[in-house]
Every structure is written in structure tokens, then in C-alpha cells.
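This report concerns only the one structure given below.
There are 2 protein chains.
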Amino acid sequence: MVESSRITARGGTRADARRNRERVLVAARAVFAERGIDAPMATVARRAGVGVATLYRHFPTRDALVRGAYAQQMRTCTRALTDALAAPDPWQGFRHLVETVCALQLEERGFPAAFVAAFPDRTAEYTRARDRAERDFATLVRRAQESGALRTDFHPSDIAVVLLAHCGLATALPGDGAASRRLVAYLLQSFRADAANEPLPAPAALSLRSLPITADGPQGRPSRSSRH
Amino acid sequence: MVESSRITARGGTRADARRNRERVLVAARAVFAERGIDAPMATVARRAGVGVATLYRHFPTRDALVRGAYAQQMRTCTRALTDALAAPDPWQGFRHLVETVCALQLEERGFPAAFVAAFPDRTAEYTRARDRAERDFATLVRRAQESGALRTDFHPSDIAVVLLAHCGLATALPGDGAASRRLVAYLLQSFRADAANEPLPAPAALSLRSLPITADGPQGRPSRSSRH
DNA sequence: TGCCAAGTGGACGCAATCGTCCGATTCGAC
DNA sequence: GTCGAATCGGACGATTGCGTCCACTTGGCA
Numbered sequence: 018m019v020e021s022s023r024i025t026a027r028g029g030t031r032a033d034a035r036r037n038r039e040r041v042l043v044a045a046r047a048v049f050a051e052r053g054i055d056a057p058m059a060t061v062a063r064r065a066g067v068g069v070a071t072l073y074r075h076f077p078t079r080d081a082l083v084r085g086a087y088a089q090q091m092r093t094c095t096r097a098l099t100d101a102l103a104a105p106d107p108w109q110g111f112r113h114l115v116e117t118v119c120a121l122q123l124e125e126r127g128f129p130a131a132f133v134a135a136f137p138d139r140t141a142e143y144t145r146a147r148d149r150a151e152r153d154f155a156t157l158v159r160r161a162q163e164s165g166a167l168r169t170d171f172h173p174s175d176i177a178v179v180l181l182a183h184c185g186l187a188t189a190l191p192g193d194g195a196a197s198r199r200l201v202a203y204l205l206q207s208f209r210a211d212a213a214n215e216p217l218p219a220p221a222a223l224s225l226r227s228l229p230i231t232a233d234g235p236q237g238r239p240s241r242s243s244r245h
Numbered sequence: 018m019v020e021s022s023r024i025t026a027r028g029g030t031r032a033d034a035r036r037n038r039e040r041v042l043v044a045a046r047a048v049f050a051e052r053g054i055d056a057p058m059a060t061v062a063r064r065a066g067v068g069v070a071t072l073y074r075h076f077p078t079r080d081a082l083v084r085g086a087y088a089q090q091m092r093t094c095t096r097a098l099t100d101a102l103a104a105p106d107p108w109q110g111f112r113h114l115v116e117t118v119c120a121l122q123l124e125e126r127g128f129p130a131a132f133v134a135a136f137p138d139r140t141a142e143y144t145r146a147r148d149r150a151e152r153d154f155a156t157l158v159r160r161a162q163e164s165g166a167l168r169t170d171f172h173p174s175d176i177a178v179v180l181l182a183h184c185g186l187a188t189a190l191p192g193d194g195a196a197s198r199r200l201v202a203y204l205l206q207s208f209r210a211d212a213a214n215e216p217l218p219a220p221a222a223l224s225l226r227s228l229p230i231t232a233d234g235p236q237g238r239p240s241r242s243s244r245h
């Protein structure tokens, strides 16, 4: 995984190309934050100070751009999962993981949509990473349940429910930390074993990979017409 | 306000016009369910078997069409609130209200977006209805808290958090009853007074009317490019 | 049955966005 | 400093959706 390109001495790509790529990513995050993940590609290019063709050369599709823009955040998520597994108290690890991912969804507007959009991604690398994340998370859940803190009827697929719900909230109220924290706190409390006073309905049993997001995905903004 | 048209005896409008209006509403629900609330107006018109101009005459803006399409569901919501207030056990009323609205959000795809989009509506009628709903709901909350079933730190604005989160879930997983029920069950359990084992963060204190939805609203679908 | 306004439908002009093509420019090795 | 190649950026044609205009049809009262 070291030999991706070896033309120009070190780094592989030309210096200006690399610089432009970075500029595009910064601009993409800014534009996505302001106008949503559907913002015109040309807007991103203009903000980055590059031409449209340059943008398309670096990122042939919108998905590629989105993935590139939030790669850092995605890495943070997987690291949070690793940390959670390493934590001495599995419940604290679990709790911290949920809070971290939700905070991430909140702070970088546009990331929530990118996050759920990445689930069904077919890229080999992503498939592997996702499968591993699923396995790790299931392990974390089992440990937290064995420690007696997490209710035993919590199902690993519940995390998808939580993330999708929080994604909806974060998208509707961008940057509203109070609402986000409130929702997360309610949910975490109901996940505690000592809060389980009633049986739950059957788990949704979603596989992260089977989310039908890309099929038609979250529907667009309620409206914005009245331009007359 | 009676003499908008007085040519045709009873009803005010001509029979075929009324029939077309109904056909448009049915088509709108169908199309919104399939392609989201942003579906082209022309598609709705075609499905209804009418021309675009006819559609625009009945519903000058997309918002008007959306409002018309889900007026019935909105009425169901307000009735559910009335019923909840009338219920002998305020907690059961509260619980039933939440479940009803969420079930409604789930069954009629496109309704969730319409529902949250309607919050900041400036129509006089809607403003009045919304204010009344807010007052009634606050009353319901107070009663449920006094009965000892609802935790005392539940804030009326939490309902907005719940509905937005559930809306996100319902939009991402249209028709997935299992996920919806699961989320609602978790949340309802955490609202019980006997589940309150930790203090909550501060409430989001949203007013339904101040939701910044229309400003830029829920961001579009994660992507769908790759048309090449 | 005949009249006329309300109602209807499709075509049209406008605007936004997409993704590609091509000439000009810049990089960096020699 | 020079040259070849990679890169750049704007323009372009195509597609899609919006909302209006206008000529035709239809409903229902006289």
C-alpha cells in the first residue's frame, strides 16, 4: 500500500496538485457546511480558487469528494471505536463512543449525511473497514452487557437507529448542541441496564451495510420554494 | 370571505375542479412517497392526469401542495393531542400521542418532512393552531409529571427533539417499523420518572415556531451521483 | 339547447447544474 | 535555461425543473 504513484520524486504527485487537492477539500467542507452536501460542484471549485475540471480530476464523482472531505472525521470515528474497546470500563467506552460520534456529526455540518451515505459504500476498503467496525462494536456491546451496565436486550443494530436518528436531528438543527446532547443523554440513560423496566420491541436488526440510503436516501429539504 | 366565486350554485367551485383537486392530492402523496417531497411538480401533474397549469392553479406553491396533501394527517395529530388531554391517565395519553405521531410519520412517507416543514409556517391559521398545540402539550406534560409518571426534568421542547430525530430515522429508513418502534420505545422508557437515574443536560428549549428548518432545512440526500 | 365564464392542458422561456473538452500555463527534470 | 508533460481554468452543450401564457374545452344556468 506504498506504491500508489511514483512518478515525481517524493510524494508521487506534483506539489501544486497536492496543494490544490487540499484547498478543494477545505472548500468542500466549508461549502457543504453552508449549503448542504448537494451544493453545486462549481461552487466548491470557485471557493477553492480552482477550475471545475481540476476538481473533477481530483474527485471524479461527488461521492469521492464527500468521502475525501470527511476522511479525517471517519478516521476519528474508527479510532474512537478502538479506544472504546481498550477502555477499562466497557460501559464508559460505549458511552464515550456514542458521544464522540454524535459530537462529530454535530460539529461538522454535512458530515452526518456523509456518514450515513458512506455505510452502503461498495469500495473494497470501506467494506473491510465497516465489517471490522461492526465486529468490534458487537464485541464492545457484549462486554458492556457482561459488565452489567448495558441492558441485555440492547442489540448492536440499535447503534444504527441511534446514529440515523441523531443524524436527522443534527441535520435539522445544525450546530444545536443542546438538542443533540439532550437526545444522546436520553438514549444513553435508556440503554442502562438499571433503566430497563419494560421489554423493548424487536430490534430493527439493521446491518450497517444494508441501509437503503443510496437507493433514494433521506428526502430533500421540506421545501424552499416561494421564489415567485 | 364568501364571494370568491358565486357563479356555480352550491359548493362554490365547479364539480370537475373539485374532482381534479382531489386527484392531485392523491397523486401528490403517491409521488412524494416515491421520490421525496422535492419531486418535480410536473410528475405530480402527470400522475394525476392533469396539466401543470391546473396543478398550479389549485396549489400556487409547492408548500401549498404539501400542506394540502398532508392536511388530513395534520388533523389526526391535533386530534391525538386532544385525545391525550382527555385521557384519564396523562402518561398513557402522552405515550399514545408520541406513538401516534411517530406512526403517522412512518406510514406516510414524505409526511415527516412536511410535518417539520409546517412548524415555521407563517400562515395565520397555522400559527394559531401551533400555539394552541404548544399550550395543550405543555398542559399534558405538567399533568403527566404531577401524576408521577413523567420525569420532572422533561421539558416540553423535548418533543421537538424526539420528533426531529424520529423524522430523520423515518426518512432514512422509510417504512421500517421495527427501527421506529425501537427508537420510540427507548425514548419513552427514558422519559419515565422511575428511569431518571442521572441528571440531564439542559433542555434544547426550542419553540416549534422557531425551528430554522425553512432557512436551509435538512440537507439533501447524501448523494446519488455516479450517473456518468 | 345555447351561451359564457371557469377550468384545462401543453408548449414555452428561463435558470441552474452537470460533466467534458481544449487551449494556455506551470512544474520540474535535464 | 529549455523542453515535454502534467495541470489548470473557463467555456460549452446537454439535461432537468420551474412557473406562465394562451388557445381550447366543459360545466351548468337561462
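As you go down the protein sequences, you meet chains S and U in turn. Note that the numbering used here numbers the first sequence so that position 114 is 131, with each residue one more than the last. Note that the numbering used here numbers the second sequence so that position 9 is 26, with each residue one more than the last. Virtual Cβ for every residue (Gly too), placed ideally from N, Cα, C.
Requested in this report: Compare the C-beta of Q206 (chain S) against all C-beta atoms of chain U and say whether one is closer than 7 Å.
Outcome: yes
Requested in this report: Would you kindly work out how many angstroms separate the C-alpha atoms of D148 (chain S) and A103 (chain S), rounded to a whole number?
Outcome: 19 Å
Report task. For H246 (chain U), return the contacting residues in chain S, with the cut-off set at a CB-CB distance below 7 Å. Result -> Nothing about residue 246 (chain U) can be read from this structure; chain U reaches only from 18 to 245.
Query - Whole alpha helix (DSSP H) elements within the segment 135-183 of chain U, 4-residue minimum - result: 141-163
Query raised in the report: Since R209 (chain S) sits in a beta bridge, which residues does DSSP pair it with?
Result: S:L167
Query raised in the report: If you measure from the beta carbon of V178 (chain U) to each beta carbon in chain S, is any gap under 7 Å?
Result: yes
Query raised in the report: Does the segment 196-215 of chain U touch the segment 196-212 of chain S, meaning 3 or more C-beta pairs lie closer than 8 Å?
Result: yes
Report task. Please compile the residues from chain U whose C-beta is within a distance smaller than 8 Å of the C-beta of L167 (chain S). Result -> Chain U residues near L167 (chain S): none, gap ~13 Å exceeds 8 Å.
Query - Within-7 Å CB hit, P107 (chain U) to chain S - result: no
Query raised in the report: Going along chain S in order, which residues have a C-beta closer than 9 Å to the C-beta of G185 (chain U)?
Result: P129, L181, A182, H183, C184, G185, L186, A187, T188, A189 and P235
Requested in this report: For A219 (chain S), return the contacting residues in chain U, with the cut-off set at a CB-CB distance below 9 Å.
Outcome: A195, R198 and R199
Query - Within chain U, partners of A212 (chain S) - CB distance below 8 Å - result: Q206, S207, A212 and N214
Query raised in the report: What are the boundary residues of the alpha helix (DSSP H) that includes F49 (chain U)?
Result: A32 to R52
Query raised in the report: Can you check whether the CB of L121 (chain U) is closer than 7 Å to the CB of Q90 (chain U)?
Result: yes
Query raised in the report: Does A155 (chain U) come within less than 7 Å of chain S when only Cβ atoms are used?
Result: no
**Report entry** Residue-level contact to chain U via CB, S243 (chain S), 7 Å cutoff
**Finding:** Residue placement at S243 (chain S) is flagged as unreliable, the pLDDT there being 33, under the threshold of 50; the coordinate-derived value follows with that caveat. Chain U, which has a Cβ nearer than 7 Å to the Cβ of S243 (chain S), makes this yes.
Report task. Taking only heavy atoms of the ligand FMN into account, decide whether any of them is closer than 6 Å to the Cβ of A120 (chain U). Result -> Within the structure as shown, the ligand FMN is missing, as the structure has no ligands at all.
Query - chain S within 7 Å of Y143 (chain U), Cβ atoms only - result: no
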